[in-house]
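Protein chains in written order, with full-length UniProt numbering: chain A, 1 to 369; chain B, 1 to 126.
We put the CB at the ideal spot given by N, CA and C, even for glycine.
Below is one structure, written out as C-alpha cells; the observations come after it.
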Amino acid sequence: MVTRRPPLYEVHEDRGAGFTDFGGWEMPVEFDSIRAEHTAVREAAGIFDVSHMGEIRVEGPDAETLMQRLTTNDIASMDPGDAQYACITDEDGVIHDDTMTYRLPGGDYLFVPNAGHDEEAEQRWVDYRDGHDLDAEVSNETADWAMFAVQGPDAVGLAADAVDALGAPLGEESDDLADLSRFTATRATVAGVDCLVARTGYTGEDGVEILCDAEDAEVVWGAFDCQPCGLGARDTLRMEQGLLLSGQDFHPEENPRTPYEAGVGFTVDLDTEFVGRDALAAQQEAGVDETFIGLTLQERGVARHGYEITHDGETVGEVTSGTMSPTLDEAIALGYLPTELAEDGTEVAVVIRGEEKRAEVTTPPFIDQ
Amino acid sequence: MSFDVPDDRKYLESHEWATTDQPTRIGISDFAQDELGDVVFVELPDEGDTISHDEPFGVVESIKAVSDLYAPVSGEIVAVNEALHDQPELVNEDPYGDGWLLEIEVSDDSEFEELMDADEYEAQIV
Numbered sequence: 001m002v003t004r005r006p007p008l009y010e011v012h013e014d015r016g017a018g019f020t021d022f023g024g025w026e027m028p029v030e031f032d033s034i035r036a037e038h039t040a041v042r043e044a045a046g047i048f049d050v051s052h053m054g055e056i057r058v059e060g061p062d063a064e065t066l067m068q069r070l071t072t073n074d075i076a077s078m079d080p081g082d083a084q085y086a087c088i089t090d091e092d093g094v095i096h097d098d099t100m101t102y103r104l105p106g107g108d109y110l111f112v113p114n115a116g117h118d119e120e121a122e123q124r125w126v127d128y129r130d131g132h133d134l135d136a137e138v139s140n141e142t143a144d145w146a147m148f149a150v151q152g153p154d155a156v157g158l159a160a161d162a163v164d165a166l167g168a169p170l171g172e173e174s175d176d177l178a179d180l181s182r183f184t185a186t187r188a189t190v191a192g193v194d195c196l197v198a199r200t201g202y203t204g205e206d207g208v209e210i211l212c213d214a215e216d217a218e219v220v221w222g223a224f225d226c227q228p229c230g231l232g233a234r235d236t237l238r239m240e241q242g243l244l245l246s247g248q249d250f251h252p253e254e255n256p257r258t259p260y261e262a263g264v265g266f267t268v269d270l271d272t273e274f275v276g277r278d279a280l281a282a283q284q285e286a287g288v289d290e291t292f293i294g295l296t297l298q299e300r301g302v303a304r305h306g307y308e309i310t311h312d313g314e315t316v317g318e319v320t321s322g323t324m325s326p327t328l329d330e331a332i333a334l335g336y337l338p339t340e341l342a343e344d345g346t347e348v349a350v351v352i353r354g355e356e357k358r359a360e361v362t363t364p365p366f367i368d369q
Numbered sequence: 001m002s003f004d005v006p007d008d009r010k011y012l013e014s015h016e017w018a019t020t021d022q023p024t025r026i027g028i029s030d031f032a033q034d035e036l037g038d039v040v041f042v043e044l045p046d047e048g049d050t051i052s053h054d055e056p057f058g059v060v061e062s063i064k065a066v067s068d069l070y071a072p073v074s075g076e077i078v079a080v081n082e083a084l085h086d087q088p089e090l091v092n093e094d095p096y097g098d099g100w101l102l103e104i105e106v107s108d109d110s111e112f113e114e115l116m117d118a119d120e121y122e123a124q125i126v
C-alpha cells in the first residue's frame with residue numbers, strides 16, 4: 001500500500017514534527033509533546049492537521065435518498081449548513097465506520113469517513129446507488145481537500161479573527177463567526193482562501209473544523225497562531241471524552257459492534273430507512289448484552305488496546321483504548337463489558353503484563369466541561 | 001534533530017546506557033526518551049533483585065506507548081531511583097542525570113566490552 005501524505009507534510013517536518021502511520025497516512029503524531037499539546041487545547045487552543053480524514057461528495061436528485069439509506073441518522077432533517085454525526089452500518093447493524101456529514105451551502109452532501117476508509121465508503125455508496133437505480137454522483141475528493149481542526153476554549157475567537165468574510169449561510173444573517181451554532185457549517189474566507197468552517201470537533205472542547213482546497217492549505221494553516229498538535233494529543237483528548245476511534249473501539253471484523261453497544265445510539269433514527277435498520281430495531285427492543293464503558297485504574301499502570309478486563313477472576317471484556325490522562329494524571333481506558341457490569345462504580349480489573357490492576361467503571365466523559 | 005550522547009558511559013542497541021564505574025548506573029538515552037515522549041510511569045525491579053545482560057528488567061510507559069527496558073550489563077540491584085515514582089518525567093528532563101533508573105553491582109566486567117561507545121551509538125541513531 002502506498003503511504004499517503006497530507007499537503008503540509010514538509011511544513012510539519014520543518015516544524016520538527018514526529019510522524020506516524022495512521023490508516024495508511026503518514027501524519028504528525030507529536031510537534032512538541034503530547035502533554036503540552038493536550039494542555040494547550042484544554043486551556044487555550046491548538047490546531048491539528050486532519051487531512052487524513054476522507055471527503056466524499058454526493059450530489060444529484062437522489063443524493064438525499066442515498067445518504068439516508070447508508071447512514072443511521074436522519075439526513076432528511078438537514079438544511080444547507082448543517083453537520084450531522086452518524087454511523088455507517090451493514091445489514092446486521094454492525095458499524096463499519098462513523099462519519100460527519102456536512103450539507104454544503106449549495107445543497108450537496110460532503111461526508112467525512114475516517115482515515116483509510118474513503119475508498120471503501122466510495123465503493124459502498126456507488127454499489128448501493130447502482131443496485132437501487134438511484135440518480136446521484138459520488139466523488140471521492142479526499143486528495144483535493146485539506147482539513148484542519150482548531151480546538152480549545154480560545155479556538156472560536158481565533159477563528160473569528162482569522163476569517164475575513166462570512167459566506168452562506170451564516171453570512172446572510174451575521175458578520176461574526178461566533179454566531180455559528182454547534183453542528184453547523186458555513187462558507188468563510190480565511191486569509192483570502194474560500195473555506196468551509198464547521199463548529200465541530202473531536203476533543204470535547206469548543207472549536208471549529210476547516211476544509212479548504214489542498215492547494216491553499218499552507219495559507220490557511222498559517223492564519224492560526226496557536227499550538228500545533230499531532231495525532232497523539234488528538235487521541236488523548238478524544239479518550240478523555242469517551243469518543244470512539246474507528247477501527248480501534250469498533251472494527252467490523254475484529255470487534256464488530258452496533259451503535260447501541262458502542263454508546264452512540266443517539267446517531268440511530270429508526271424512523272428512517274437505512275441498511276441495518278431492522279437489525280438495530282430488534283436490538284433496541286431486546287437490549288444490548290455488552291456496553292461501551294470507561295474505566296479509571298485504581299492502581300499504577302496504563303491500560304492499553306487489547307488488554308483483558310476481569311471480574312472476580314473471570315475474563316469479562318477487553319480494553320479498546322487506554323492512556324494516562326494528561327488532564328487527570330490518572331490511567332483511563334475504554335472498552336466493552338457485559339451490560340450487568342456496566343454500572344458506574346463496578347469494581348473490575350485490567351490485566352497488565354500478567355497482573356490484575358484494580359479499575360472502576362466510570363461513564364465517560366472522564367472530565368467535566 | 002541532534003541528541004545528547006555523553007562519552008563517559010556505554011550503550012546498548014536498545015538505547016539503555018550504563019556507567020563503567022562500580023556500582024554502575026543504568027538509564028535510557030536522550031534519543032530513547034525523545035522517541036517515547038512524555039514518560040508517565042516506570043516499572044522497575046526491587047533492590048536485591050538481579051538483572052541480566054540484554055534481558056528485559058522493567059518497562060517504561062509514555063502517554064503514547066509502552067516499552068521494555070533491557071539490561072546493558074548483569075548484576076545485583078543496589079539502588080532504585082525512587083524519585084521516578086512521583087516524577088517519572090525526570091526521565092525526559094534529565095535522562096543521563098536525575099532520570100537514572102537503577103544502580104547495580106556488576107557481576108561480570110567483560111560485558112562492558114559488548115556495549116557500544118558513544119561514537120558507535122551516535123552512528124546508530126542518526
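For residue j and residue i, the rounded distance between their alpha carbons
i	j	result
A:Asp-21	B:Leu-115	32 Å
A:Val-94	A:Leu-245	15 Å
B:Leu-12	B:Arg-25	13 Å
B:Glu-43	B:Thr-50	15 Å
A:Glu-120	A:Cys-87	14 Å
B:Glu-103	B:Val-80	6 Å
B:Asp-68	A:Thr-346	31 Å
B:Leu-84	A:Gln-298	19 Å
B:Glu-105	A:Cys-229	43 Å
A:Ile-367	B:Gln-33	28 Å
A:Pro-113	B:Glu-89	37 Å
A:Val-302	A:Asp-329	11 Å
A:Gly-294	A:His-12	33 Å
A:Thr-296	A:Arg-15	35 Å
A:Gly-54	A:Glu-141	8 Å
A:Ala-17	A:Pro-28	6 Å
B:Ala-18	B:Ile-125	17 Å
A:Gly-265	A:Tyr-85	11 Å
Chain-order list of residues whose beta-carbon lies under 7 Å from that of residue i (same chain, five-residue window excluded)
i	result
A:Pro-169	Pro-80, Gly-81, Pro-105 and Thr-186
A:Glu-356	Thr-310 and Ala-349
A:Arg-69	Tyr-128, Glu-273, Phe-274 and Val-275
A:Trp-125	Ile-56, Val-58, Leu-66, Leu-70 and Val-138
A:Arg-304	Val-319 and Gly-322
A:Gly-60	Asp-135, Ala-136 and Glu-137
B:Phe-112	Lys-10, Thr-20 and Val-73
A:Asp-97	Ile-88, Pro-113, Asn-114, His-117, Ala-121 and Ser-246
B:Leu-36	Val-60, Ser-62, Ala-65 and Ser-67
A:Leu-243	Tyr-202
Partners in chain D for residue i, counting only beta-carbon separations shorter than 9 Å
i	result
B:Phe-41	In summary, chain D is missing from the structure at hand, where the protein chains are A and B.
Neighbouring residues, chain A, relative to residue i (Cβ below 9 Å)
i	result
B:Gly-37	Gly-18, Val-29, Glu-30, Ser-33, Ile-34, Arg-35 and Gly-232
Contacts that residue i makes with chain B (C-beta to C-beta distance below 9 Å)
i	result
A:Thr-236	Ile-63 and Lys-64
Option nearest residue i by Cα separation, candidates the options
i	options	result
A:Glu-240	A:Pro-228, A:Thr-323, A:Asp-249 and A:Glu-314	A:Thr-323
A:Arg-4	A:Leu-177, A:Asp-344 and A:Ala-143	A:Ala-143
A:Glu-30	A:Arg-42, A:Phe-48 and A:Glu-43	A:Phe-48
A:Gly-23	A:His-251, A:Ala-279, A:Leu-295 and A:Arg-358	A:His-251
A:Ala-188	A:Val-208, A:Pro-364, A:Ala-36 and A:Gly-116	A:Val-208
B:Val-73	B:Asp-108, B:Glu-61 and B:Asp-21	B:Asp-108
A:Glu-343	A:Thr-315, A:Phe-366, A:Leu-297 and A:Thr-291	A:Thr-291
A:Ala-159	A:Ala-45, A:Met-78, A:Gly-301 and A:Arg-257	A:Ala-45
A:Ala-115	A:Met-147, A:Glu-308 and A:Ala-279	A:Met-147
A:Gln-284	A:Ala-262, A:Arg-15 and A:Ile-34	A:Ala-262
A:Tyr-336	A:Thr-363, A:Ala-214 and A:Arg-300	A:Thr-363
residue 395 of chain A	B:Trp-17, B:Val-40 and B:His-53	Beyond the ends of chain A as shown, which are 1 and 369, falls residue 395 of chain A; an answer cannot be given.
A:Arg-234	A:Asn-255, A:Val-41, A:Trp-25 and A:Glu-10	A:Val-41
A:Glu-64	A:Thr-101, A:Arg-35 and A:Asp-32	A:Thr-101
A:Asp-133	A:Asp-62, A:Thr-72, A:Tyr-202 and A:Thr-184	A:Asp-62
Same chain, Cβ closer than 6 Å to residue i, neighbours up to 5 away in sequence not counted
i	result
B:Ala-118	Val-5 and Asp-7
B:Phe-57	Pro-45, Ile-51, Leu-69 and Ala-71
A:Ala-165	Thr-189
B:Tyr-96	Pro-6
A:Cys-212	Ala-146, Val-193, Cys-195 and Val-220
Sequence-distant residues of its chain with Cβ nearer than 8 Å to residue i (five each side left out)
i	result
A:Ser-181	Arg-199
A:Gly-167	Pro-105, Thr-186, Arg-187, Ala-188, Thr-189 and Asp-194
A:Leu-8	Asp-49, Ser-51, Ala-146, Ala-217, Glu-218 and Trp-221
A:Asp-90	His-96, Pro-252, Val-275 and Gly-276
Residue i beta carbon near the ligand NAP (any heavy atom closer than 6 Å)
i	result
B:Ser-52	Among the ligands in the structure shown, none appear at all, so the ligand NAP cannot be discussed.
_If we require 3 or more residues per run, which beta strand (DSSP E) segments fall completely within the stretch 240-307 of chain A?_
290-297
*Mind pulling the alpha helix (DSSP H) runs of 4 or more residues that sit fully within the stretch 53-98 of chain A?*
Taking 4 residues as the minimum length, the alpha helix (DSSP H) runs contained wholly in the stretch 53-98 of chain A are 63-70, in order along the chain.
*Considering only residues of the stretch 50-104 of chain B, which uninterrupted beta strand (DSSP E) runs meet the minimum length of 3 residues and lie entirely inside it, listed in chain order?*
If you keep only unbroken beta strand (DSSP E) runs of at least 3 residues inside the stretch 50-104 of chain B, you get 56-62, 66-70 and 75-80.
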